[in-house]
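Inspection log for the structure reproduced underneath, given as structure tokens.
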Amino acid sequence: MDKKLIDEIIGRAVADADFRRDLKSNPEKALQDAGYSVSPTFLAAIKAASSTDLDALASEYETRFPGGQTTSSDSDDESGSGSGAMG
């Protein structure tokens, strides 16, 4: 399996709370619905991963990167997306 694809899936799971939730509850369906074709080995690894691992990565992302809030269709709050110049 292509490392770029793995990075993309993990990155999306970290940044997209809805995808992360779906990935934890039904990885095969979540990946298929998102258009990803993954190997049985990768699917087994995702299934074996603790759901708290993805949550911990997302939390770390939000903490370490300014504006690194994860997205969810449940929250349409766009405050903090700040595109204004500082100065």
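Under the numbering used here, the first residue of the sequence shown carries the number 25, and numbering increases by one thereafter. Beta carbons are placed, not taken as given, at the ideal position from N, Cα and C, and that holds for glycine. Just so it is clear, the structure is predicted and the values come from calculations on it, not from any experiment.
Check whether the Cβ atoms of residue i and residue j lie closer than 8 Å to each other.
i, j, result
"residue 69", "residue 38", "no"
"residue 51", "residue 71", "yes"
"residue 34", "residue 66", "no"
Leaving out five residues before and five after residue i in sequence, what residues of the same chain have Cβ atoms less than 7 Å from its Cβ?
i, result
"residue 54", "43, 46 and 47"
"residue 64", "none"
"residue 75", "48"
Go through its chain and collect everything with a Cβ distance to residue i's Cβ below 8 Å, but skip five positions before and after it.
i, result
"residue 109", "With a pLDDT of only 41 at residue 109, under the threshold of 50, the placement of this residue in the model should not be trusted; the figure read from the coordinates follows. Excluding residues within five positions, none has a Cβ falling inside 8 Å."
For residue i, which residues in the same chain have their Cβ closer than 6 Å to its Cβ, ignoring the five residues on either side in sequence?
i, result
"residue 62", "55"
"residue 78", "37 and 44"
"residue 89", "none"
"residue 32", "none"
Spell out whether any CB of chain B is found under 8 Å from the CB atom of residue i.
i, result
"residue 31", "Looking at the structure shown, chain B is missing, and only one protein chain is on hand."
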